[in-house]
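The sequence shown maps to residues -6 to 385 in this note's numbering. From the three backbone atoms N, C-alpha and C, an ideal C-beta is built for every residue, glycine too. Comments concern the structure below.
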Amino acid sequence: MRIVVLGGAGIIGRTIARDLADDREVKEIVIADLDLDGARKLADGLGRPGVTAVKADVTDPAALVSLIRGAGAVINSVQYYFNLPVMKACLEAKTHYLDLGGLFHTTRKQLEMHGDFKKAGLLAVLGLGSCPGIANVQARAVADTLDTVESIRIYNGATPDMGDSLAWAYSIQTIFDEITQPPMVFRAGRFQETAALGEEELYRFQDPIGVSKVHLSLHSEVATLPLTYGPKGIQECFFKISFFGYSEKALRQLQFLAQIGMASTDPVDVRGAQVKPRDVLVEVLKRAPQIERKGSLGFKDIVTEVRGTRGGRPVVGKAETTCWPHKAWGVSGGTVLVASPPAIVARWLARGQVRQSGVLPPEQAVDAAAFFRDLEARGARTTIAVAEPFPG
């Protein structure tokens, strides 16, 4: 079994590779990254045979096809801006594909390749991290047992850094896109734009998070769940998160920087040179103190609530997945829940365990029971309950 991890030297890619390395069934792991030194350092640190580091440029189609040809699966953990060209390379190389999400709009474009992948007998699973990913499978675990679905509401919480660090737990480019771009929600049976970071509410997560503010964010779950459960009559779907894992103070600081234009990708003239404000800001933020992981810090809680009917009676379902930091890997629970899902399903694809083909979201491609069992082996706990709501 050969699995290629594109962006393997990145924050999430490193943990995907560690997950794969714990399984001797995965004979070959290719850590592919533009940062060859980082890829080599990771490969050496995994300390097992069959791990190789290669330099990969996803903007070079011919080289990318040559690299991934013959792989059992390709996990794309590079910036979502490159999802479409990487998918096209997988189609040409005849390899299965997984990614971590396309921030709604890119995901919708990727779905248009469904016919091409189906014709080739290949499967592309879109948005298989924590959110999107785990949340989609949680929705499936509940919604598939209902006769009708009224709403799917997703809440993503984590213990924040108490030191108010501006360091990031996943792609800072994606975080700035989420801060600045209007979230999409599904309401009254149609997609609607809303205000960035809007509709704050207090939500009760499991301790040690407790009650936390959450807000809307542009996300891929909302791009696919209303399509999947349209036949069951879904009228509402949204995704809310608690400040992207930052403290509220840190997030407000980043929000201010975005408001004054520092997160813009439009070049400005600085003494005759064309400079993107976001590029400057990211380089400055790289000097920020790293988030400390002490005690309960790094605990993650993902909750999906589904309302609908069963047997003609209204019911409310709740699926919840929690994870503490992984001591052996030295990462937070949040990182585990982003990295392990694609590592799990890539194994399934490589061994031929999944028979579907085409371009599918997790709620259509991933068996919920098997998926949550495999997550549990990595320290994540999932509970699912469906009950009639209390009267009044």
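Check: Going straight from the alpha carbon of tyrosine 73 to that of aspartate 92, what length do you get?
Finding: Roughly 8 Å between the two C-alpha positions.
Next item on the list: Flag this pair as touching only if the segment 157 to 169 and the segment 126 to 133 have three or more C-beta atom pairs under 8 Å; answer yes or no.
Entry: Judged by Cβ distances under 8 Å, the segment 157 to 169 makes no contact with the segment 126 to 133, as fewer than three pairs qualify.
Check: From glutamate 194 to glycine 122, what does the alpha carbon distance come to, in whole angstroms?
Finding: Glutamate 194 and glycine 122 have their C-alpha atoms roughly 24 Å apart.
Checklist line | Sheet register partners of tyrosine 196 (DSSP bridge) | finding: Its beta-bridge partners are Ser205.
Check: Per DSSP, what kind of secondary structure is threonine 221 in: helix, strand or coil?
Finding: Of the three classes helix, strand and coil, the one that applies to threonine 221 here is helix, per DSSP.
Margin query: Looking at the strands, I want to know which residues DSSP matches up with isoleucine 377.
Written below: According to DSSP, which records beta bridges pairwise, isoleucine 377 is partnered with Ala312.
Check: For threonine 221, which of Ala66, Gly6, Pro354, Gly65 has the nearest alpha-carbon?
Finding: That would be Pro354, whose Cα lies nearest to the Cα of threonine 221.
Item checked: Where valine 71 sits in the DSSP three-state scheme -> Correct three-state label for valine 71: coil.
Checklist line | First through last residue of the beta strand (DSSP E) which encompasses alanine 294 | finding: Note that residue 294 is aspartate in the sequence shown here, rather than alanine. Judged by DSSP secondary structure, aspartate 294 falls within the beta strand (DSSP E) whose first and last residues are 293 to 303.
Next item on the list: Please list the segments of the beta strand (DSSP E) lying wholly inside the segment 101 to 150, counting only runs of 3 or more residues, in order along the chain.
Entry: For the segment 101 to 150, whole beta strand (DSSP E) runs of length 3 or above, ordered along the chain, are 116 to 118.
Notebook entry, point to check: Which one or two residues does DSSP pair with alanine 25 in a beta bridge?
Noted result: Partner residues in the beta bridge of alanine 25, as assigned by DSSP, are Leu(-1), Val47.
Check: For the beta strand (DSSP E) that contains glycine 327, what are its first and last residues?
Finding: Careful: glycine 327 lies outside any beta strand (DSSP E), inside the alpha helix (DSSP H) at 326 to 343.
Item checked: Close beta carbons around glycine 31, own chain, < 6 Å, minus the five adjacent residues each side -> Hits under 6 Å: Ala2.
Next item on the list: For asparagine 69, collect the residues of the same chain with a Cβ closer than 6 Å to its Cβ; drop the 5 residues on either side in sequence, then sort them by chain order.
Entry: So the list reads Leu(-1), Val79, Asp92, once near-sequence residues are dropped.
Notebook entry, point to check: Nearest CA to the CA of proline 176: which residue from Ser205, Ala216, Arg271?
Noted result: When each option's Cα is compared against that of proline 176, the closest is Ala216.
Check: Secondary structure at isoleucine 234, three-state DSSP: helix, strand or coil?
Finding: The three-state secondary structure of isoleucine 234, taken from DSSP, is strand.
Next item on the list: Select from Thr52, Ala151, Arg146, Ala14 the residue whose C-alpha is nearest the C-alpha of isoleucine 325.
Entry: One detail in the question is off: residue 325 reads as serine in this sequence, not isoleucine. Comparing Cα positions, the closest option is Ala151.
Note to self: Please classify arginine 197 as buried or exposed, where buried requires at least 16 other C-beta atoms within 10 Å of its C-beta.
What the structure shows: Exposed is the call here.
Check: Along the chain, where does the beta strand (DSSP E) that runs through arginine 180 open and close?
Finding: Run containing arginine 180: 177 to 180, per the beta strand (DSSP E) assignment.
Check: Any idea if threonine 297 is buried or exposed, counting beta-carbon neighbours within 10 angstroms, 16 or more meaning buried?
Finding: The residue in question, threonine 297, is buried, as its Cβ has 16 or more Cβ neighbours within 10 Å.
Margin query: Going by DSSP in three states, proline 354 sits in which element: helix, strand or coil?
Written below: Three-state result, proline 354: coil.
Next item on the list: Check whether the Cβ atoms of glutamate 192 and phenylalanine 237 sit closer than 9 Å, and answer yes or no.
Entry: No, Cβ-Cβ distance for glutamate 192 and phenylalanine 237 is not below 9 Å.
Next item on the list: Could you tell me if phenylalanine 249 is buried or exposed, where buried requires 16 or more neighbouring beta carbons within 10 angstroms of its beta carbon?
Entry: Label assigned to phenylalanine 249: exposed.
Note to self: Taking the beta carbon of aspartate 294 as the centre, do at least 16 other beta carbons fall within 10 Å, making it buried, or is it exposed?
What the structure shows: Under this definition aspartate 294 is a buried residue.
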